[in-house]
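Chemist: Residue numbering for the sequence shown is 1 to 338, as defined by UniProt numbering.
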Amino acid sequence: MSVTINDVARLSGVSKRTVSRVINCSPAVGEATRERVLEIIKETGFSPDKQARGLASSRSYLLGLIYDNPDALYIDQVQRGALSVCAELGYELVVHPGSSKHEDFIDDCLRFISRSKLDGVIILPPVSENKALAAALREAQCPYVRLASVDLDDADNIVVSDERAAMRDMASHLVELGHTDIGFISGPQHFRSSIERLAGFLAELQVYNVQLPGSRIVEGKNNYESGLMCAQTLLDTPNRPTAIVANNDEMAAAALRVASNLNIKVPDDLSVAGFDDNILASRIIPSLTTIRRPVYNMACLAVQKLINKSRATKEKLPLQKTVTPTLVKRESTGQCSE
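What follows is the structure, encoded as structure tokens:
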């Protein structure tokens, strides 16, 4: 027999209304009582009916995820992080892939939010960089949190990955290995993340008085196919660089493939590095030196911030705005042989 709210009230020694207030995060419950009720809920495995909760609190307990990103591994990490917090706090996640290139993209997002009766949305890059979308959500009074590589919003509305700082670490790593002739496969330069990563890399090279000429920078599209073309441009020449850094792991993997096709040994003759540390980075041969972006944790933070917005003021929890990606050294980078 399933546990009911009446059972929780009886075992807790409180009224059904008090249990309901605890479930709905009402400030009108003392901390000791709240902890007692939550402990009984945990012990009994009680799961409140989400529809009934929504009716009682004017909330749907549904959060949305809006994205226009072809990186399936990135999306998977985000969903895993978001769902872990949703499951713990009694929320559900509804995903909405879209195309930011369509002229009705913002209207489509607003229809999705209205149709699904969402309590808030998480917006992933590069869509999170869209100022017009953020303005439309504020106008519609829809709570949102943006995942981004640069500080674009109020602290409650954003989780920032400091990718400029992370790429400075990558530049230091390669220069300390003796590399001074480096090729860079950037992402699309209309994305802020691509701009931040390249800027951080260039800034650190300047500290070491290492130059990266424009001829060593080629722009990719953050996919494998474009990575192949860019790596071919950098490597199929007598005067090739001793290291290549790619804007993401997918294009770095493409660079490894081109190097193999050209009989260039990695890392003996060429060092290769990426960004993201997706699941393939540690499994390919050689394993990929990269920047680990804490996507799972960023998604967790985003959900916590959204749920924070629905809490009474005195119950809001202070949550960090910025996370720092970290350098992961693996087999694909080594001492420069020249």
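Cβ atoms here follow ideal geometry from the backbone N, Cα and C, with glycine treated the same way.
Going by DSSP, name the residue or residues bridged to residue 72.
Modeler: According to DSSP, which records beta bridges pairwise, residue 72 is partnered with nothing at all.
Chemist: So, are the CB atoms of residue 326 and residue 283 less than 7 Å apart?
Modeler: Against a cut-off of 7 Å, the Cβ pair of residue 283 and residue 326 comes out as no contact.
Chemist: Using the Cβ count rule (16 or more neighbours within 10 Å means buried), how would you classify residue 222?
Modeler: Classification of residue 222: buried, given that the 10 Å Cβ count is 16 or more.
Chemist: Which two residues bound the contiguous alpha helix (DSSP H) that contains residue 227?
Modeler: It spans 224–235 - the alpha helix (DSSP H) in which residue 227 sits, taken as one unbroken run.
Chemist: Taking Cβ positions, are residue 3 and residue 44 nearer each other than 7 Å?
Modeler: Yes, these two residues count as a Cβ contact at 7 Å.
Chemist: Roughly how many whole angstroms lie between the Cα atoms of residue 18 and residue 129?
Modeler: Rounded to whole angstroms, residue 18 to residue 129 spans 42 Å at the Cα level.
Chemist: In terms of residue numbering, what span does the alpha helix (DSSP H) encompassing residue 173 cover?
Modeler: Counting along the chain, the alpha helix (DSSP H) containing residue 173 begins and ends at 163–176.
Chemist: Cβ of residue 299 less than 7 Å from any chain B Cβ?
Modeler: Judged by its chain identifiers, the structure shown contains no chain B, having just a single protein chain.
Chemist: For residue 307 and residue 123, I'd like the C-alpha separation in whole angstroms.
Modeler: Looking at the two C-alpha atoms, the distance is approximately 15 Å.
Chemist: Just to confirm my understanding: we take residue 52, look at its own chain, exclude 5 residues before and 5 after, and list those with CB closer than 6 Å. What are they?
Modeler: Per-residue confidence for residue 52 stands at a pLDDT of 44, beneath the threshold of 50, marking its modelled position as unreliable; no derived number is given.
Chemist: Are there 16 or more other CB atoms within 10 angstroms of the CB of residue 206, so buried, or fewer, so exposed?
Modeler: Looking at its Cβ environment, which holds fewer than 16 other Cβ atoms inside 10 Å, residue 206 is exposed.
Chemist: How would you call residue 208, buried or exposed, if buried means at least 16 neighbouring beta carbons within 10 angstroms?
Modeler: Exposed: under 16 other Cβ atoms inside 10 Å.
Chemist: Compare the C-alpha of residue 71 against each of 330, 267, 247 and name the closest.
Modeler: Here the closest residue by C-alpha is 247.
Chemist: Expressed to the nearest angstrom, what Euclidean distance is found between the alpha-carbon atoms of residue 78 and residue 7?
Modeler: Rounded to whole angstroms, residue 78 to residue 7 spans 36 Å at the Cα level.
Chemist: Could you name the residues of the same chain whose beta carbon sits closer than 7 Å to that of residue 154, not counting the 5 residues immediately before and after it, in chain order?
Modeler: Correct list: empty, nothing qualifies.
Chemist: Using the Cβ count rule (16 or more neighbours within 10 Å means buried), how would you classify residue 23?
Modeler: So residue 23 counts as buried.
Chemist: Which of the three DSSP states is assigned to residue 148 in this structure?
Modeler: Strand, per DSSP.
Chemist: Going by CA-CA distance only, name the one from 11, 198, 300 that's closest to residue 320.
Modeler: It is 300 whose Cα lies nearest to the Cα of residue 320.
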